[in-house]
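Below is one structure, written out as structure tokens; the observations come after it.
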Amino acid sequence: MSARPTKMEQRIRVSGILMLLGVAVEVATLCKIHPLTFMAFTTVGLLFFAAGMITFLVSLLEVGAGD
Amino acid sequence: MLPRPDLIFLLVVTAATGLILTFRPDLTRQRNGKVLAFLGLVVLPTMSVWSGLDEHLERSKTREFCLSCHVMKPYGKSLLIDDSEYIPAVHFQNNFVPPDKPCFTCHTTYALYGDLKAKIGGLRHMFVYYTGTTPDTIKLYKPYNNRECLHCHEGARKFLKVGAHTETDTTMASLLSGRISCLESGCHDVAHEVRSLSELEFWKGATR
Chain E
1 MSARPTKMEQ RIRVSGILML LGVAVEVATL CKIHPLTFMA FTTVGLLFFA
51 AGMITFLVSL LEVGAGD
Chain L
1001 MLPRPDLIFL LVVTAATGLI LTFRPDLTRQ RNGKVLAFLG LVVLPTMSVW
1051 SGLDEHLERS KTREFCLSCH VMKPYGKSLL IDDSEYIPAV HFQNNFVPPD
1101 KPCFTCHTTY ALYGDLKAKI GGLRHMFVYY TGTTPDTIKL YKPYNNRECL
1151 HCHEGARKFL KVGAHTETDT TMASLLSGRI SCLESGCHDV AHEVRSLSEL
1201 EFWKGATR
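Chains E and L are the protein sequences, given in the same order.
Mind the numbering: the first sequence is residues 1 to 67 in the working numbering, read in order.
Mind the numbering: the second sequence is residues 1001 to 1208 in the working numbering, read in order.
Structural data, given as structure tokens:
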């Protein structure tokens, strides 16, 4: 019987998804040499990576509080 | 153009770690799982972003990158002009500049922040290209600096042997200081000349 996921585990899952989206954007932008792919990586890609990292780091701050 | 093998490997590892943490977040209940989470959600993404940025910046220096905007295509075509008077053409066709980065080699500066300034200028060009109107005549912001020529030619035997460069006692000093431009009328003043491309012949043996 698996235990219900904790709040931190849910945050880690969200963080993982955001980070995977960042990797997907990076892979897609590396398929073509063009200024727009450069811009797409530096805006959309970095946004996903940053969001994923921040989500994880915020979850660390809330460890032990109400879990 | 494939990314570097180390970047591909890094992205695969990052994605694999991300998948594990997404589908098995309960692994983080143990100490090793917490370490995995930190590596997979902080360290590896940071490395992926850094390597990806580096790869993209290197790609932005390539001829393919510059010529992907259609306003630049005549300038790319001018590299194949079959006339040694045309400075960009003779440099490109004889591999005097890296054939995969001919534009960036000449149109950046070799000063301390040359690369960064060139990149910021490129961002501005992109903004104008996609949101504004590109001018009919594309001009340099400032006169072409002799420094970009002398970076390679200064001290070279062929450069020192040319009579015009040592015509007077002060000619060489004037060239080195920029008081006389290498591109002055009568000297090396034939550059891209895109307006006259239809009248010119092109190197038929080009393989790139």
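Quick reminder that beta carbons are idealized off the backbone N, C-alpha and C, glycines included.
Taking a Cβ-Cβ threshold of 8 Å, the residues of chain E close to residue 1069/L are 35, in chain order.
The Cβ-Cβ distance between residue 20/E and residue 1022/L falls below 8 Å.
Near chain E, meaning a CB-to-CB distance below 7 Å, the residues of the region 1122-1133 of chain L are 1126.
When 8 Å is used as the limit between beta carbons, residue 58/E is near no residue of chain L, the shortest such separation being about 11 Å.
For the C-beta of residue 61/E, not a single chain L residue is nearer than 8 Å; the gap to the nearest is close to 14 Å. When rounded, the separation of the alpha-carbon atoms in residue 1129/L and residue 1071/L is 9 Å.
Here residue 1018/L is not near residue 1027/L, since their CB atoms are 8 Å or more apart. For residue 1035/L, the nearest beta carbon of chain E is not closer than 8 Å to its own beta carbon.
For the alpha helix (DSSP H) assignment, the uninterrupted runs of no fewer than 4 residues enclosed by the region 1010-1074 of chain L are, from N- to C-terminal side, 1031-1038, 1044-1059, 1063-1066.
At a Cβ-Cβ threshold of 8 Å, residue 1114/L and residue 1108/L count as neighbours. For residue 1001/L, the chain E residues whose C-beta falls within less than 7 Å of its own C-beta are 33, listed in chain order. Residue 4/E has a beta carbon lying at 8 Å or more from every beta carbon in chain L.
With contacts defined by Cβ atoms closer than 8 Å, residue 1011/L and residue 1048/L form a contacting pair. Taking a Cβ-Cβ cut-off of 9 Å, the neighbours of residue 17/E in chain L comprise 1018, 1022, given in sequence order.
If you draw a straight line from the Cα of residue 62/E to the Cα of residue 1058/L, it is about 40 Å long. Taking 8 Å as the threshold, the shortest C-beta distance from residue 1058/L to chain E does not fall below it.
With a threshold of 16 other beta carbon atoms within 10 Å, residue 1138/L falls short and is exposed. In the structure shown, the three-state DSSP call for residue 38/E is helix. Around residue 1116/L, no beta-carbon contact reaches into chain E at under 8 Å, the shortest distance being about 14 Å. Check the Cα spacing between residue 1208/L and each of 1077/L, 1146/L, 1084/L: the tightest is with 1077/L.
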